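Residue numbers (UniProt numbering): 1 to 135. Note that beta-carbon positions come from the ideal geometry of N, C-alpha and C, so glycine has one too. On a predicted model such as this, the values are computed, not experimentally measured, just so you know.
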Amino acid sequence: MRDEVEALLEELGVGKGVSEAGKCRAIEGEWQRLKGLGLSDQAAEVQGLYAWKLKQITGSKEGGGGGAGDGLQTAEMEHVLAKLRDAVAVDPDCAEACFHTGRILLSPGNISEASVYLQRALALKPCMSSARILR
């Protein structure tokens, strides 16, 4: 995933010296652009990269600070979840968007809701081994 995110950022003209927040804004902007053009599969893929990037950022903040970091992580995860749900709403037949929505829902323990999204991802793309494992 790291290589895919770095390639996307390079494609968008975002340098390595840009802050993590700036990188996230650039990825989100690309998602909005693709969504606006009706390119839902590509938008869902970019949304997955956005979710991974946020998880990478919040994961690097864990263990260092305590309570404030946990609140930030929860807020960011809720933001990611909202964006993924938007991606599913744009294209309910996008297996990747369904998979990533289910994956994000697993972390706070929303197992029954996560299962619905993971089952949908498998129905759309039966060879998706990641969804099969998490299901």
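Residue closest to Ile104, alpha-carbon to alpha-carbon, out of Leu124, Gln47 and Val90: Ranked by how close their Cα comes to the Cα of Ile104, the residues Leu124, Gln47 and Val90 have Gln47 in first place.
DSSP state of Gly17 mapped onto helix, strand, coil: The answer is coil: DSSP assigns Gly17 none of H, G, I, E or B.
Whether Ala44 touches Ala7 by CB criterion (9 Å): Cβ atoms of Ala44 and Ala7: not closer than 9 Å.
Residue interval of the alpha helix (DSSP H) (run including Cys98): Ala95 to Leu106
Burial state of Leu37 (16 or more Cβ within 10 Å): By the neighbour-count criterion, in which 16 or more other beta carbons inside 10 Å mark a residue as buried, Leu37 falls on the exposed side.
Nearest-angstrom Cα separation, counted from Leu118 out to Lys16: 34 Å
The alpha helix (DSSP H) enclosing Asp3, as first and last residue numbers: Arg2 to Glu11
CB contact flag (Lys23, Leu39, <9 Å): no
Limits of the unbroken alpha helix (DSSP H) element including Leu124: Start and end: Ile111 to Leu124.
Contact under 9 Å by Cβ, Ala121 with Gly102: yes
Simplified DSSP state of Gly38, which is helix, strand or coil: coil
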